[in-house]
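All remarks here apply to the structure that follows.
Protein chains: 2
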Amino acid sequence: MSTVYEVADRAGVSTATVSRVIHGSNLVHPDTRERVLAVIEELGYVPDGSAQGLSRRRKDIIGLAALERGVTEVGIEKTSPLFMDELVHAVESVLRGTDCSLLLTFGPAGEPFQRRIRSLSGKVDGLLVAEEVMPPGQLRALARRIPVVAIAGRRDETELDVVAVDNAAGMRVLAAHLIEDHGYRRLGFLAGPADSPDARERLEVFRRAIAEHPGCVLDPVLEGDFSEASGAAAARTLLALRPAPEVVACANDQMAIGVLLQLQESGASVSGGMAVTGFDDIYASRVVAPPLTTVGQPFRELGHRAAHRLRARIEDRELPAMTEILPTTCTIRASCGCPAPGAR
Amino acid sequence: MSTVYEVADRAGVSTATVSRVIHGSNLVHPDTRERVLAVIEELGYVPDGSAQGLSRRRKDIIGLAALERGVTEVGIEKTSPLFMDELVHAVESVLRGTDCSLLLTFGPAGEPFQRRIRSLSGKVDGLLVAEEVMPPGQLRALARRIPVVAIAGRRDETELDVVAVDNAAGMRVLAAHLIEDHGYRRLGFLAGPADSPDARERLEVFRRAIAEHPGCVLDPVLEGDFSEASGAAAARTLLALRPAPEVVACANDQMAIGVLLQLQESGASVSGGMAVTGFDDIYASRVVAPPLTTVGQPFRELGHRAAHRLRARIEDRELPAMTEILPTTCTIRASCGCPAPGAR
DNA sequence: CGTGATCATGACATTGGTGTCGTTCCAACG
DNA sequence: CGTTGGAACGACACCAATGTCATGATCACG
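Protein chains in written order, with this note's numbering: chain A, 12 to 355; chain B, 12 to 355.
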């Protein structure tokens with residue numbers, strides 16, 4: 012592995028000049044630059060990231076830590092956390108234009124994962140944390156050491172930068188659609204894991220919306236874990252229920268897809284049977300039959316904003332913390348009982 | 012930001028001792044260890060990754076560079092490269108058990124992306140490259156500087172470690188199923204981008220399989236770019252064709268889904284209409300209606316092997332290069348014209 | 001009481017780049 | 001011809017760890 016010294020040596024210049032050439036400083040003579048570039052090319056020299064990070068006090072790496080749910084160790088359930096994938100691409104596409112790279116880590120909530128994030132925090136200039144990867148206290152402590160932006164986490168946070176999504180608005184529109192347009196009166200809900208603030212909020216808003224409509228009941232409320240399998244399990248429970256709800260709203264799309272598929276397998280169709288809705292609007296939701304009515308999250312926007320905010324905070328650590336709420340869009344397709352649209 | 016020096020100072024020991032405590036050396040007195048740990052806790056000290064990287068000559072970071080296709084800049088086509096997402100999770104899950112992290116970068120093929128990979132190569136201990144992100148010559152040059160493992164790239168490579176997938180075997184089984192079990196005689200193919208070795212191989216094998224069966228014709232061969240939109244476009248072309256093929260095999264699942272959806276939208280159903288098959292077996296393929304018959308790639312295995320191989324090579328750079336081919340599995344579902352299975 | 005072994009510890013060199021500061025050199029100008 | 005200004009460049013300190021080597025302390029044993 013060649014170093015600046017070697018390059019400087021061969022080019023007959025000092026290491027400082029090599030550095031200037033690499034970074035395009037105009038304080039170097041064209042001839043000298045030429046010579047240095049030739050040596051760099053010849054040696055295939057690439058500056059060492061660690062050494063650069065040390066002397067510049069910035070590593071040009073940001074981290075993204077996210078929860079991975081429902082992937083069993085044996086790998087039988089292939090369900091990957093699709094929500095996160097969308098986010099990763101969004102963040103990466105922002106960084107692509109810069110000289111900053113993205114360091115990724117997933118894991119199940121818990122102490123080992125928190126340790127991993129801590130040790131990772133030494134390798135990055137800043138951290139994006141998605142969902143509730145660690146208790147708020149620890150998160151704030153982390154944020155005192157390095158810049159942190161929370162994505163889709165709790166909104167009641169004044170010490171931290173947060174970029175979140177307006178679960179409430181989307182869910183309210185969806186509930187109104189189910190109650191007012193379809194006239195459903197008995198509505199079920201398939202909740203997400205209790206450790207997800209988003210999951211909790213979605214249920215709460217749905218509950219309130221129903222309470223505001225006399226004659227409507229929320230029943231049953233089932234608990235899932237965001238996985239497709241837990242959706243399928245819920246569907247089996249629902250099928251046995253008397254009276255069964257007319258519709259079941261799910262806290263995310265993967266569970267909704269699980270419900271949908273299981274209902275079909277059991278011979279119950281959506282038309283005349285049970286309506287299903289989701290939340291997130293992942294890729295598969297457009298594709299499943301019937302296409303899933305759901306509340307869309309602005310993934311790209313979420314990732315973009317979070318990435319930009321983090322970079323801004325890395326630039327200026329004294330920036331006041333703020334939380335940004337992005338709008339959601341209720342996307343009516345067919346699984347709620349609406350006729351399938353002719354054109355997309 | 013606190014450093015070893017500060018910790019050492021406060022604990023009244025030398026930096027060497029702090030280092031020993033951090034790395035769990037047993038050459039340190041329990042009392043001393045206790046004292047040092049207390050200071051570390053109090054200061055929230057985390058060792059700086061750059062400094063560690065510099066002195067250990069290893070950064071404990073590996074990179075993954077992959078092509079991103081079909082994502083337009085305006086973000087209208089939300090289709091993300093699902094194949095890659097699966098791979099990312101597989102690789103990440105290997106690294107999770109180690110103290111190594113994953114640095115990610117996507118990009119469209121081209122000179123800027125190659126530059127980015129070069130500069131990234133200074134930040135990592137080794138690189139996983141997926142598909143044809145750069146010309147073979149450059150890739151080999153890169154591999155001479157740092158450990159590189161190619162994933163799903165060209166197989167005719169003796170200088171480089173390669174982990175690839177047996178496209179041929181899966182495709183042959185699929186072709187045999189279409190020709191022998193279903194009795195199709197006029198078969199179309201929707202090819203992938205010409206710069207993808209996998210895409211080329213899939214077409215070639217399909218072509219040969221058909222040539223071996225007298226009475227069968229390969230017509231038409233359309234060209235797509237692995238995106239769902241290009242599948243939809245192909246479907247419109249196919250619909251106008253006389254005679255139309257009985258089945259169209261697609262070089263990946265996303266295009267197959269595009270074909271499927273477009274056919275349905277145009278009123279042509281699969282039963283009695285045109286059969287469709289894919290390649291990859293991504294999540295959405297199980298979920299789409301009718302469920303897609305496809306050739307499954309062992310994503311997890313692919314990621315696992317590649318990650319392990321790279322780590323092995325980082326350990327010992329003199330390891331002989333080898334290429335590993337992983338088996339594919341032809342998964343018959345319903346889109347080929349088979350009856351939908353009662354149980355999954 | 002001396003010797004050797006073992007354990008705990010610290011001093012210090014090393015790692016590759018960056019950026020500051022000072023120096024050299026040349027041209028232009030009075 | 002001396003002075004000045006600025007461009008081009010080099011020496012050097014610094015960054016935060018690691019790991020080697022030397023050393024002091026403690027103890028057992030002869």
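Backbone N, C-alpha and C define an ideal beta-carbon position, used for all residues, glycine too.
Just to confirm my understanding: we take residue i, look at its own chain, exclude 5 residues before and 5 after, and list those with CB closer than 6 Å. What are they?
i, result
"Leu106 of chain A", "Leu113"
"Ile336 of chain A", "Ala175, Asp177"
"Gly348 of chain B", "His193, Ala286"
"Asp110 of chain B", "Asp71"
"Pro256 of chain B", "Arg197, Leu198, Gly199"
"Glu97 of chain B", "Phe310"
List the residues of chain B whose Cβ lies closer than 7 Å to the Cβ of residue i, in chain order.
i, result
"Ser132 of chain A", "Val57"
Using C-beta distances below 7 Å, list every residue in its chain close to residue i, excluding the 5 sequence neighbours before and after it, in chain order.
i, result
"Gly307 of chain B", "Asp292, Thr339, Thr340, Thr342"
"Leu272 of chain B", "Ala243"
"Glu79 of chain A", "Pro92, Phe117, Gly118, Pro119"
"Leu330 of chain B", "Ala323, Arg324"
"Arg127 of chain A", "Thr116, Gly118"
"Thr43 of chain B", "Val24, Thr28"
"Thr26 of chain A", "Val15, Tyr16, Ala19"
"Arg69 of chain A", "Asp136"
"Ile51 of chain A", "Val18"
"Val39 of chain B", "Thr28, Arg31, Val32"
"Glu84 of chain B", "Confidence at Glu84 of chain B is low in this model, with a pLDDT of 41, below 50, so the placement of that residue should be treated as unreliable; the coordinate-derived value is given next. Cβ within range, chain order: n/a, list empty."
"Ser241 of chain A", "Gly235, Met266, Gly269"
"Asp230 of chain B", "Arg197, Gly199, Pro256"
Listing by chain order, which chain A residues have their CB less than 9 Å from the CB of residue i?
i, result
"Val259 of chain B", "Near Val259 of chain B there are no residues of chain A at all, since even the closest Cβ is about 18 Å away, more than 9 Å."
"Val299 of chain B", "Ala295, Val298, Val299, Ala300"
When you compare only the Cα positions, how much space is there between residue i and residue j?
i, j, result
"Ala351 of chain A", "Arg344 of chain A", "6 Å"
"Ile157 of chain B", "Gln149 of chain B", "12 Å"
"Ile268 of chain B", "Ala179 of chain A", "32 Å"
"Ser13 of chain A", "Ile190 of chain B", "57 Å"
"Phe290 of chain B", "Gly137 of chain A", "38 Å"
"Val258 of chain B", "Tyr195 of chain B", "7 Å"
"Arg46 of chain B", "Glu326 of chain B", "35 Å"
"Arg247 of chain A", "Arg253 of chain A", "13 Å"
"Ser238 of chain A", "Met266 of chain A", "5 Å"
"Pro225 of chain B", "Ala101 of chain B", "42 Å"
"Thr305 of chain B", "Asp264 of chain B", "7 Å"
"Ala210 of chain B", "Ser132 of chain A", "40 Å"
"Arg213 of chain B", "Gln275 of chain A", "34 Å"
"Asp236 of chain B", "Gly203 of chain B", "5 Å"
"Gly74 of chain B", "Glu223 of chain B", "43 Å"
Whose Cβ in chain B lies nearer than 9 Å to the Cβ of residue i?
i, result
"Leu65 of chain A", "Asp59, Ser61, Ala62, Gly64, Leu65"
"Ala255 of chain A", "Ordered by position in chain B, no residue passes the 9 Å Cβ test against Ala255 of chain A, which lies about 23 Å from the chain."
Give a yes or no on whether the C-beta atoms belonging to residue i and residue j are separated by under 9 Å.
i, j, result
"Tyr56 of chain A", "Val18 of chain A", "yes"
"Ala245 of chain A", "Thr288 of chain A", "no"
"Val135 of chain A", "Ala120 of chain A", "no"
"Ser207 of chain B", "Glu142 of chain B", "yes"
"Leu139 of chain A", "Val173 of chain A", "no"
"Leu198 of chain B", "Ala187 of chain B", "no"
"Arg151 of chain B", "Glu170 of chain B", "yes"
"Arg183 of chain A", "Val228 of chain A", "no"
"Ala62 of chain B", "Ala22 of chain B", "no"
"Ser36 of chain B", "His315 of chain B", "no"
"Val232 of chain B", "Ala295 of chain A", "no"
"Ala262 of chain B", "Leu303 of chain B", "no"
"Gly64 of chain A", "Gly181 of chain B", "no"
Could you name the residues of chain A that residue i contacts, counting a contact when the two beta carbons are closer than 8 Å?
i, result
"Ile343 of chain B", "None at all; the shortest Cβ gap to chain A is about 17 Å."
"Ile325 of chain B", "The premise fails here: Ile325 of chain B is roughly 13 Å from chain A at the closest Cβ pair, so nothing lies under 8 Å."
"Arg156 of chain B", "Met12, Gly55, Val57"
For residue i, go through chain B and note every residue whose CB falls closer than 8 Å to its CB, in chain order.
i, result
"Asp110 of chain A", "Ser130"
"Glu103 of chain A", "Leu115, Thr116, Phe117"
"Ile268 of chain A", "Val298"
"Arg107 of chain A", "Thr116, Phe117, Gly118, Arg127"
"Ala152 of chain A", "Gly55"
Which partner residues does residue i have in the DSSP bridge list?
i, result
"Cys341 of chain B", "B:Val306"
"Phe94 of chain B", "BP columns for Phe94 of chain B are empty, so no partner."
"Glu215 of chain A", "The partner list for Glu215 of chain A (beta bridge, DSSP) is empty, contrary to what the question assumes."
"Ser112 of chain A", "A:Ile72"
Looking only at its own chain, which residues have a Cβ that is under 8 Å from the Cβ of residue i, when we skip the five neighbours before and after it?
i, result
"Pro147 of chain B", "Arg165, Glu168"
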